[in-house]
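For reference, the structure is listed below as structure tokens.
If you want it as structure tokens, here you go:
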């Protein structure tokens, strides 16, 4: 392939992968079965778009199924959100170019709930971080964080350098978290991720959670993983008796002596919620996003909003996968959420919406309230003051117009 | 070429030899969470480098935060002419490396002493990835 027998695009992709692999002392490549890439105009910019055009001109063609992550436009809302029509056109070009190169433009950050569920030991090349930590931890599949160009290169060549979480030795736990808190809401699981992630900002930190009061459901594991990845840059966790590589604490640690033992209690969770500066106490923006909502999250949100109205002057945004939105419409969940006055966007994530900083100024948003610990962390560069609240509290704040 | 004032050995490195002004951060870094990718300035409220420009700088960060976005973001800011010259991490993550390699920006991980012992913001430093060495060439105005 390096001689160009499979074309210039595959040659360049492999040469790039060799450089990345050498940095990490990878000794070989491993074949992959699935890739997932971030590729939206907000993060790629004109430089990235130009690069895609060149790759397409070189007849790049993905050999392995590859899907796309959430992007920065829902094309039905460009005008309503005051987004830039020129940038929207560029986003359309990105989508066209990717499709021409055999990329499946799903535009979802919850591919692991909606599109593809790899099995134990399966090697994949995924990004964003939430997808990777879920693949490694909950499925027992194997992936590093793969940025857009790296995941795309892996789909072109059908392989990825064998380092990091592809190797057994990095998958063993190295810190222990005793989970005494009674996590009842998605935000509680996110808060646990924040507490652990902030304390250990390290890609190769692998926490092992012990003694959860009950086994979490998929959406809860999703919020825990997204928060660990966001605050701690972590790519894997274990939960004893819950995740496949952790039948016991000993098995999860695999002989490692933990660097740290953390206990997370109800009081720790309350300290997280109490720790946010409410600033001017404004609450004109409530967001359910980052990660996109599953169908069951949409259902619960529909139930919480049923028969209520979003407070005048407050805006509520929900983001999800196109397939979830259409299913939610068939099931009536979408109508319940929209009738309350919330806006449901598909194929996007709130924090990467094009023009978000200007949107913030135009709408007079200063505080952003969310039940997602990840988005509360991640949206900082747009100068929001962010506040984490439980799902039910977010709905109450949105409908009553009172921050607490 | 005068002898360096001090040197740091790094564990892993990629990229061209570069010289530039140092920015030494006590806090980790993510190009999507912390950086304004239209100006090259750290804008996350409360970040220890809030208001500091990374354009053309040799940036020392203890850790990498989050970040699949770095995969494209470095290429994008390089294209816009507002990229740092080098990223020197205590501990980094794969996407920072993938992004820096993609943009041909020097990147290193691991150091044999805490950089703050020998280098301060404003100092002039040279990064030589092939020799896995960072040299402090000139003190900045303190």
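Residue numbers (the working numbering), protein chains in the order written: chain A, 1 to 404; chain B, 1001 to 1142.
Even glycine gets a Cβ: it sits at the ideal position worked out from N, Cα and C.
Determine which residues share a DSSP beta bridge with residue i and list them.
i	result
residue 170 of chain A	Paired residue(s): none; residue 170 of chain A is not in a bridge.
residue 1036 of chain B	B:1041
residue 1061 of chain B	B:1089
residue 1020 of chain B	B:1125
residue 1013 of chain B	B:1108
residue 264 of chain A	A:179
residue 126 of chain A	A:36, A:145
residue 388 of chain A	A:370
residue 160 of chain A	A:30
residue 1134 of chain B	B:1008, B:1127
residue 1029 of chain B	B:1064
residue 209 of chain A	A:177, A:239
residue 233 of chain A	Note: residue 233 of chain A sits in no beta bridge, so no partner.
residue 1053 of chain B	B:1041
Please compile the residues from chain A whose C-beta is within a distance smaller than 9 Å of the C-beta of residue i.
i	result
residue 1014 of chain B	19, 20, 22, 23
residue 1076 of chain B	43, 44, 45, 46, 47, 48
residue 1083 of chain B	Per Cβ cutoff of 9 Å: no residues; residue 1083 of chain B is ~10 Å from chain A at best.
residue 1080 of chain B	45, 46, 47
residue 1091 of chain B	201, 202, 203, 204, 233
Starting from the beta carbon of residue i, find every residue of chain A whose beta carbon is closer than 8 Å, and list them in chain order.
i	result
residue 1101 of chain B	16, 19, 20, 23
residue 1063 of chain B	201, 202, 233
residue 1119 of chain B	The contacting residues do not exist; residue 1119 of chain B stays about 21 Å from chain A at best.
residue 1072 of chain B	38, 39, 43, 44, 45, 48, 147, 148, 149
residue 1097 of chain B	20, 23, 24
residue 1110 of chain B	Within chain A, no residue comes near residue 1110 of chain B; the closest Cβ sits about 11 Å away, beyond 8 Å.
residue 1040 of chain B	Simply none; closest approach about 12 Å.
residue 1086 of chain B	What residue 1086 of chain B touches in chain A: nothing, since even the nearest Cβ is about 14 Å away.
residue 1007 of chain B	The premise fails here: residue 1007 of chain B is roughly 21 Å from chain A at the closest Cβ pair, so nothing lies under 8 Å.
Could you work out which residues of chain B lie near residue i, taking near to mean beta carbons separated by less than 8 Å?
i	result
residue 405 of chain A	Within the shown structure, residues of chain A are numbered from 1 to 404, placing residue 405 of chain A beyond reach of any answer.
residue 355 of chain A	Residues of chain B passing the Cβ test: none, with the nearest at roughly 12 Å.
By the criterion of Cβ-Cβ separation under 9 Å, what are the contact partners of residue i in chain B?
i	result
residue 364 of chain A	Those within 9 Å of residue 364 of chain A in chain B number zero; the least Cβ separation is about 17 Å.
Taking C-beta pairs closer than 7 Å, name the residues in chain B that residue i reaches, listed in chain order.
i	result
residue 189 of chain A	Correct list: empty, because the minimum Cβ distance to chain B is about 18 Å.
residue 313 of chain A	None at all; the shortest Cβ gap to chain B is about 24 Å.
residue 144 of chain A	1094
Residue i versus chain A: which residues are under 7 Å apart at the beta carbon?
i	result
residue 1028 of chain B	201
residue 1106 of chain B	Residues of chain A passing the Cβ test: none, with the nearest at roughly 11 Å.
residue 1116 of chain B	Neighbours of residue 1116 of chain B on chain A: none; closest Cβ ~17 Å, over 7 Å.
residue 1022 of chain B	By Cβ distance, chain A contributes nothing, its closest Cβ being about 22 Å from residue 1022 of chain B, past 7 Å.
Please tell me whether, using a cut-off of 7 Å, the distance from the CB of residue i to the nearest non-hydrogen atom of the ligand COA is below it.
i	result
residue 1064 of chain B	For the ligand COA, the structure offers nothing, since it holds no ligand at all.
Three or more C-beta pairs below 8 Å linking the stretch 205-213 of chain A and the stretch 163-179 of chain A: yes
Taking three-plus beta-carbon pairs below 8 Å as touching, is the stretch 249-266 of chain A in contact with the stretch 75-93 of chain A? no
Going along the stretch 103-130 of chain A in order, which residues come within less than 8 Å of chain B, judged by CB to CB distance? 127, 128, 129
Given 8 Å, three or more beta-carbon pairs between the stretch 29-42 of chain A and the stretch 91-109 of chain A: yes
If you pair each beta-carbon of the stretch 373-393 of chain A with each one of the stretch 183-196 of chain A, do three or more pairs fall below 8 Å? yes
Could you name each continuous beta strand (DSSP E) segment of 3 residues or more that falls completely within the stretch 270-355 of chain A, going from the start of the chain to the end? 285-293, 315-320, 343-346
Between the stretch 271-281 of chain A and the stretch 303-313 of chain A, can you find at least three pairs of beta-carbon atoms closer than 8 Å? no
Say whether the stretch 334-341 of chain A touches the stretch 300-310 of chain A, bearing in mind that this needs 3 or more beta-carbon pairs closer than 8 Å, one atom from each stretch. yes
Between the stretch 150-166 of chain A and chain B, which residues of the former have CB atoms less than 7 Å from a CB of the latter, in chain order? 150, 164
Below 8 Å, how does it come out for the stretch 142-152 of chain A and the stretch 1057-1076 of chain B: are there three or more Cβ pairs, yes or no? yes
What alpha helix (DSSP H) runs, 4 residues minimum, are completely inside the stretch 37-104 of chain A? 41-57, 85-100
Decide yes or no for the touch test of the stretch 213-227 of chain A against the stretch 368-379 of chain A: beta carbon pairs closer than 8 Å, at least 3 of them. yes
May I ask you to verify whether the stretch 49-59 of chain A touches the stretch 130-140 of chain A, counting CB pairs closer than 8 Å and requiring at least 3? no
For the 8 Å Cβ check, are there 3 or more pairs between the stretch 248-264 of chain A and the stretch 294-307 of chain A? no
So, do the stretch 1114-1126 of chain B and the stretch 1015-1029 of chain B have three or more beta carbon pairs nearer to each other than 8 Å? yes
The stretch 156-165 of chain A contacting the stretch 16-26 of chain A, beta-carbon criterion three pairs below 8 Å: yes
Touch check for the stretch 1025-1040 of chain B and the stretch 1122-1141 of chain B: three-plus C-beta pairs under 8 Å? no
For the stretch 1118-1125 of chain B against the stretch 1027-1035 of chain B, do three or more pairs of beta-carbon atoms, one drawn from each stretch, fall closer than 8 Å, so that the two count as touching? no
How about the stretch 116-126 of chain A and the stretch 212-221 of chain A: do they share at least three Cβ pairs that are nearer than 8 Å? no
Between the stretch 374-386 of chain A and the stretch 228-247 of chain A, do at least 3 Cβ pairs fall closer than 8 Å? yes
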